[in-house]
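J.:
Number of protein chains: 2
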Amino acid sequence: MNKDRILLDHGGGGKLSQHLVADLMLPAFDNPLLAALDDGAVFSIDQNRFAFSTDSYVVDPIFFPGGNIGDLAVNGTVNDLSMCGAKPLYLSCAMIVEEGFEIEELKKIVDTMSQAAETAGVQVVTGDTKVVPKGAADKIFINTSGIGLIAPGVNVSGTGAVLGDKIIISGSIADHGMAVMIEREKLAFESAIKSDSMALNHMVQKMLAASPNIHVLRDPTRGGVATTLNEIAAASKVGMTLLEASIFVRPEVAGACELLGFDPLYVANEGKLLAVVADKDAEVVLGTMHQCPAGREATIIGEVTEADSGRVVMQTKIGGTRIVDMMTGEQLPRIC
Amino acid sequence: MNKDRILLDHGGGGKLSQHLVADLMLPAFDNPLLAALDDGAVFSIDQNRFAFSTDSYVVDPIFFPGGNIGDLAVNGTVNDLSMCGAKPLYLSCAMIVEEGFEIEELKKIVDTMSQAAETAGVQVVTGDTKVVPKGAADKIFINTSGIGLIAPGVNVSGTGAVLGDKIIISGSIADHGMAVMIEREKLAFESAIKSDSMALNHMVQKMLAASPNIHVLRDPTRGGVATTLNEIAAASKVGMTLLEASIFVRPEVAGACELLGFDPLYVANEGKLLAVVADKDAEVVLGTMHQCPAGREATIIGEVTEADSGRVVMQTKIGGTRIVDMMTGEQLPRIC
Chain A
1 MNKDRILLDH GGGGKLSQHL VADLMLPAFD NPLLAALDDG AVFSIDQNRF AFSTDSYVVD
61 PIFFPGGNIG DLAVNGTVND LSMCGAKPLY LSCAMIVEEG FEIEELKKIV DTMSQAAETA
121 GVQVVTGDTK VVPKGAADKI FINTSGIGLI APGVNVSGTG AVLGDKIIIS GSIADHGMAV
181 MIEREKLAFE SAIKSDSMAL NHMVQKMLAA SPNIHVLRDP TRGGVATTLN EIAAASKVGM
241 TLLEASIFVR PEVAGACELL GFDPLYVANE GKLLAVVADK DAEVVLGTMH QCPAGREATI
301 IGEVTEADSG RVVMQTKIGG TRIVDMMTGE QLPRIC
Chain B
1001 MNKDRILLDH GGGGKLSQHL VADLMLPAFD NPLLAALDDG AVFSIDQNRF AFSTDSYVVD
1061 PIFFPGGNIG DLAVNGTVND LSMCGAKPLY LSCAMIVEEG FEIEELKKIV DTMSQAAETA
1121 GVQVVTGDTK VVPKGAADKI FINTSGIGLI APGVNVSGTG AVLGDKIIIS GSIADHGMAV
1181 MIEREKLAFE SAIKSDSMAL NHMVQKMLAA SPNIHVLRDP TRGGVATTLN EIAAASKVGM
1241 TLLEASIFVR PEVAGACELL GFDPLYVANE GKLLAVVADK DAEVVLGTMH QCPAGREATI
1301 IGEVTEADSG RVVMQTKIGG TRIVDMMTGE QLPRIC
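Line by line, the protein sequences are chains A and B. 1 is the number of the first residue of the first sequence in this note's numbering; add one for each residue after it. 1001 is the number of the first residue of the second sequence in this note's numbering; add one for each residue after it.
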């Protein structure tokens, strides 16, 4: 907190974001539910455990290949609840709209949200719409919050990874970030790169039914796979080793990353999850994922190899080893 | 929906806001919980009933006499849950911050939110921070969503008003809207006008304990008392008669309204509630309110006088009668 103004990096999901939360939010809202820093808060009322999560979406552009801000907002909160091990039930939808925004576009966004909610099997039950004068906001921002129910016996948390666990990813990485980036910069690429924006809740429910030994679930959004794994490693106080060769980047995405100077490990995903699973159940969880549309390309990308380092390392394709740090700056502002 | 662009009035809480919700949101997110159009959605899980509510705050200026965007955001959602008859438990906090915003100001806002949460007895348990480039948002927008628990036997809803019910307001009107307006326009008034931003949940719990015959609770925010009563009259299919002489406007607020051309009945409040109560329990509810700091100046301002007109009329101080319609345009943009 030695900087005196908010920088784009404070919202990028990397180290500055972490500092902002640790130095400003946590001391102010001092309570154990927030301090867990999972994708949502988990609380109990009588015999039921609930997850509660919120996210504001400010993606630019609001329409991109593979989705728009509307389905992104629904899928994002559905996924955050799922990463708590919850079955998402109800969403809220609060919009901040710039004066002059086309109603036809708003209708398109709302219709997409409605379809995304139906696909995920959740209901949008409460909402709010604010309009601000032209120039006071860029087109439209959408907040969704959500409530889900956690089944008895399910216990996933960022602190749950232990030595020997396998790390699974549900598919290719960096699709969302590069799709938005290319659309924003109006770059022309030969093959269309599409966002992976997708609800993961149905797959997560099947995974949780297949194994009681899923220790961590996280969706690698802002900051990408590298940042998310670093967060898990730090929270669980373990070290992880990744195999670069097992991490799938679509050739067109890899090409775009190389050309534009992005490391796909740090680029946001919006329809992928990382699961840290007990070694003995890794294959059964992987098999379950392969049967779901959201997990067809799931692979084991590494394992928990140290009991306490909090460090993520990668064995590269050419046989070397490199440290995979958290993202320090903001690669891509307004990616979600 | 014959306009093809979003106008400020679409967010003002009046008729255009209603059309936007009725023509666009309700058909898309077609479900009975949303269709109730109360201040929050009410759903049951096992034997428990919950309220779930969301609001985004875009007030300009962000600091004003009597509060700032932070306590406004906490009190607003605490009050929306309370208006469902719920005891608020947990809040989320999602911020959209403009690049370059001063961290010192952010800290002030967050600290105020923390104090407001403590006063209301709720916990902020989950959050999100997005930063957008300079010019893409005006300083800071805050969304709070919240979850509350409704005690058995409590049944308040916008549809609950019946013939003979008394209409109670918890205090003076138009303080918040005029405080923000005067601060925004940098007007100098002799007496300081302060926002009434305040959490109403403790008073509401006492009111609900005092009488099982509170039929409707609503906080007259955007659109003011006139718009809120019109919404209740329409939802409950009743007609109401107000007594102008019983509606308290602080002299300095009345003066500012007159000077600036605002009708206080349409100006936003952020720490007031309207209660529609069975005639036989009106005095006991009023007495309970008088014992609470939030209800010291509570008065009965009218009653439900017709079974089906959906109309609100007022007996004026000079003995006439006038129709009190919903607000049609936006009196004050970015008031909350």
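C-beta atoms are modelled at their ideal positions from N, C-alpha and C, and glycine is treated no differently.
Can you find the residues in the same chain that come closer than 7 Å, C-beta to C-beta, to B/Gly1067, ignoring five residues on each side of it along the sequence?
T.: Numbered from 1 along the second sequence, position 67 holds the residue referred to as residue 1067 of chain B. Here the set comprises Ser1195, Ser1197.
J.: Within the 8 Å Cβ cut-off, does B/Ile1147 reach chain A?
T.: Here residue 1147 of chain B is taken as the residue at index 147 of the second sequence, counted from 1. It does; some Cβ of chain A falls within 8 Å.
J.: Ignoring anything shorter than 4 residues, give me the alpha helix (DSSP H) runs that lie fully in the segment 224 to 292 of chain A, in order along the chain.
T.: List check, alpha helix (DSSP H) in window: 224 to 236, 251 to 260, 282 to 290.
J.: Kindly list the residues whose CB is nearer than 6 Å to the CB of A/Asn230, restricted to its own chain and excluding five residues on each side of it in sequence; keep chain order.
T.: On the first sequence, position 230 is the one that residue 230 of chain A refers to. So the qualifying residues of the chain are Val312, Met326.
J.: How many angstroms separate the CA atom of A/Asp279 from the CA atom of A/Arg218?
T.: What you label residue 279 of chain A is simply residue 279 of the first sequence in a count that begins at 1. What you label residue 218 of chain A is simply residue 218 of the first sequence in a count that begins at 1. C-alpha separation (whole angstroms): 18 Å.
J.: Nearest-angstrom Cα distance between B/Lys1139 and A/Gly121?
T.: Counting from one through the second sequence, the residue named residue 1139 of chain B turns up at place 139. Counting from one through the first sequence, the residue named residue 121 of chain A turns up at place 121. The alpha-carbon atoms of B/Lys1139 and A/Gly121 are separated by roughly 36 Å.
J.: Are the segment 225 to 241 of chain A and the segment 156 to 165 of chain A in contact at 8 Å, needing three or more beta carbon pairs?
T.: The answer is yes - the segment 156 to 165 of chain A touches the segment 225 to 241 of chain A, with three or more Cβ pairs under 8 Å.
J.: How big is the Cα-Cα spacing for A/Ala235 and B/Asp1030?
T.: Here residue 235 of chain A refers to the residue found at position 235 of the first sequence. Here residue 1030 of chain B refers to the residue found at position 30 of the second sequence. Each residue's Cα considered, the two are about 40 Å apart.
J.: Alpha carbon to alpha carbon, how far is A/Arg5 from B/Val1110?
T.: If you number the first sequence from 1, residue 5 of chain A lands on position 5. If you number the second sequence from 1, residue 1110 of chain B lands on position 110. About 15 Å.
J.: Using DSSP bridges, identify the partner residues of B/Leu1091.
T.: Counted from its first residue, the second sequence places residue 1091 of chain B at position 91. Partner(s): B/Val1124, B/Gly1146.
J.: Is the beta carbon of B/Val1324 closer than 8 Å to that of B/Asp1165?
T.: As a working mapping, residue 1165 of chain B is identified with position 165 in the second sequence. As a working mapping, residue 1324 of chain B is identified with position 324 in the second sequence. No, Cβ-Cβ distance for B/Asp1165 and B/Val1324 is not below 8 Å.
J.: Can you give the Cα-Cα distance for A/Ile62 and A/Ser56, rounded to whole angstroms?
T.: Within the first sequence, the letter at position 62 stands for residue 62 of chain A. Within the first sequence, the letter at position 56 stands for residue 56 of chain A. Cα to Cα, the separation comes out at about 13 Å.
J.: Taking the alpha helix (DSSP H) that B/His1202 belongs to, which residues open and close that run?
T.: Mapped onto the second sequence, residue 1202 of chain B falls at position 202. 1201 to 1210 is the extent of the alpha helix (DSSP H) around B/His1202.
J.: Examine chain A for any beta-carbon lying closer than 8 Å to the beta-carbon of B/Pro1338, and answer yes or no.
T.: Lying outside 1001 to 1336, the shown extent of chain B, residue 1338 of chain B is not represented and no answer is given.
J.: Grab the span of the alpha helix (DSSP H) containing B/Ser1082 for me, first residue to last.
T.: In the second sequence, counting from the first residue as 1, residue 1082 of chain B sits at position 82. Element bounds for B/Ser1082: 1069 to 1083.
J.: Between which two residues does the beta strand (DSSP E) harbouring A/Ile323 extend?
T.: For the purposes of this step, residue 323 of chain A is identified with residue 323 of the first sequence, where counting begins at 1. Where A/Ile323 is concerned, the enclosing beta strand (DSSP E) stretches over 321 to 323.
J.: Who are the near neighbours of A/Phe189 in its chain, counting only those whose CB is closer than 8 Å to its CB and skipping five residues on each side?
T.: Your numbering for residue 189 of chain A matches position 189 in the first sequence. Ile182, Glu252, Gly255, Ala256, listed in sequence order.
J.: According to DSSP, is A/Ile62 part of a helix, a strand, or is it coil?
T.: Numbered from its first residue, the first sequence carries residue 62 of chain A at position 62. In this structure, A/Ile62 counts as coil in the three-state DSSP scheme.
J.: Do B/Ile1168 and B/Ala1298 come within 8 Å of each other at the CB atom, strictly closer than that value?
T.: Counted from its first residue, the second sequence places residue 1298 of chain B at position 298. Counted from its first residue, the second sequence places residue 1168 of chain B at position 168. In contact: B/Ala1298 and B/Ile1168 (Cβ atoms closer than 8 Å).
J.: Are three or more beta carbon pairs between the segment 33 to 40 of chain A and the segment 1124 to 1136 of chain B nearer than 8 Å?
T.: They touch, by the three-pair rule.
J.: Pull out every residue of the segment 1096 to 1115 of chain B whose Cβ sits closer than 8 Å to any Cβ of chain A, in chain order.
T.: Correct list: Ile1096, Val1097, Glu1098, Glu1099, Gly1100, Phe1101, Glu1102, Ile1103, Glu1104, Leu1106, Lys1107, Val1110, Asp1111, Met1113, Ser1114.
J.: If contacts are defined as beta-carbon pairs under 8 Å, then B/Leu1273 and B/Leu1208 qualify, I think. What distance do you get, rounded to the angstrom?
T.: In the second sequence, residue 1273 of chain B corresponds to position 273, counting from 1. In the second sequence, residue 1208 of chain B corresponds to position 208, counting from 1. Not a contact, Cβ separation roughly 12 Å.
J.: Work out the CA separation of B/Val1154 and B/Ala1051 for me, nearest whole Å.
T.: Here the question's residue 1051 of chain B lines up with position 51 in the second sequence. Here the question's residue 1154 of chain B lines up with position 154 in the second sequence. Each residue's Cα considered, the two are about 12 Å apart.
J.: Which residues in chain B have a C-beta closer than 7 Å to the C-beta of A/Met25? List them in chain order.
T.: Residue numbering aside, residue 25 of chain A sits at position 25 when the first sequence is read from its first letter. Result: Val1110, Gly1127.
J.: Going by CA-CA distance only, name the one from A/Lys317, A/Ser53, A/Ser170, A/Arg322 that's closest to A/Gly146.
T.: Counted from its first residue, the first sequence places residue 146 of chain A at position 146. Minimum Cα distance to A/Gly146 is reached at A/Ser53.
J.: Evaluate A/Asp46 with the Cβ neighbour count: other Cβ atoms within 10 Å of its Cβ, from every protein chain shown; 16 or more gives buried, anything less gives exposed.
T.: Here residue 46 of chain A refers to the residue found at position 46 of the first sequence. Classification of A/Asp46: exposed, given that the 10 Å Cβ count is below 16.
J.: Closest to A/Asp175 by C-alpha separation, out of A/Tyr266, A/Gly320, A/Met203, would be which residue?
T.: On the first sequence, residue 175 of chain A is found 175 positions in, with the first residue counted as 1. With distances taken between Cα atoms, A/Asp175 lies closest to A/Tyr266.
J.: If you count every other CB in all the chains shown that lies within 10 Å of the CB of A/Glu258, and 16 or more means buried, which is it?
T.: Here residue 258 of chain A corresponds to residue number 258 of the first sequence, with the count starting at 1. By the 10 Å Cβ count, A/Glu258 comes out exposed.
J.: Check the Cβ of A/Thr342 against every Cβ in chain B and list those closer than 8 Å, keeping chain order.
T.: In this structure chain A extends from 1 to 336, so residue 342 of chain A is not present and cannot be described.
J.: Taking buried to mean at least 16 other C-beta atoms within 10 Å of its own C-beta, is B/Ser1092 buried or exposed?
T.: The residue labelled residue 1092 of chain B in the question sits at position 92 within the second sequence. Answer is buried; the Cβ neighbour count reaches 16.
J.: Take B/Met1001 and list the residues in its own chain whose beta-carbon comes closer than 6 Å to its own, dropping the five residues that flank it on each side.
T.: Indexing the second sequence from 1 puts residue 1001 of chain B at position 1. Only weak support is given to the placement of B/Met1001: the predicted model assigns it a pLDDT of 46, under 50, and the question is left unresolved by the model.
J.: Taking only three categories from DSSP, how would you classify B/Thr1119?
T.: Counting from 1 along the second sequence, the entry for residue 1119 of chain B is found at position 119. If DSSP states are grouped into helix, strand and coil, B/Thr1119 belongs with the helices.
J.: Just the chain B side, please: which residues come within less than 8 Å of A/Ile6 by C-beta, in chain order?
T.: Your numbering for residue 6 of chain A matches position 6 in the first sequence. Near A/Ile6 (Cβ distances below 8 Å), the residues of chain B are Val1097, Glu1098, Glu1099, Gly1100, Phe1101, Glu1102, Ile1103, Leu1106, Val1131.
J.: To the nearest angstrom, how far is it from the Cα of B/Gly1171 to the Cα of B/Thr1288?
T.: Position 171 of the second sequence holds residue 1171 of chain B. Position 288 of the second sequence holds residue 1288 of chain B. Rounded to the nearest angstrom, the two C-alpha atoms are 13 Å apart.
J.: Could you give the distance in angstroms between the alpha-carbon of B/Gln1205 and the alpha-carbon of B/Lys1087?
T.: Along the second sequence, read from residue 1 onward, the residue named residue 1205 of chain B stands at position 205. Along the second sequence, read from residue 1 onward, the residue named residue 1087 of chain B stands at position 87. About 7 Å.
J.: Check for me: the beta strand (DSSP E) holding B/Leu1217 runs from which residue to which?
T.: In the second sequence, counting from the first residue as 1, residue 1217 of chain B sits at position 217. B/Leu1217 -> beta strand (DSSP E) spans 1214 to 1218.
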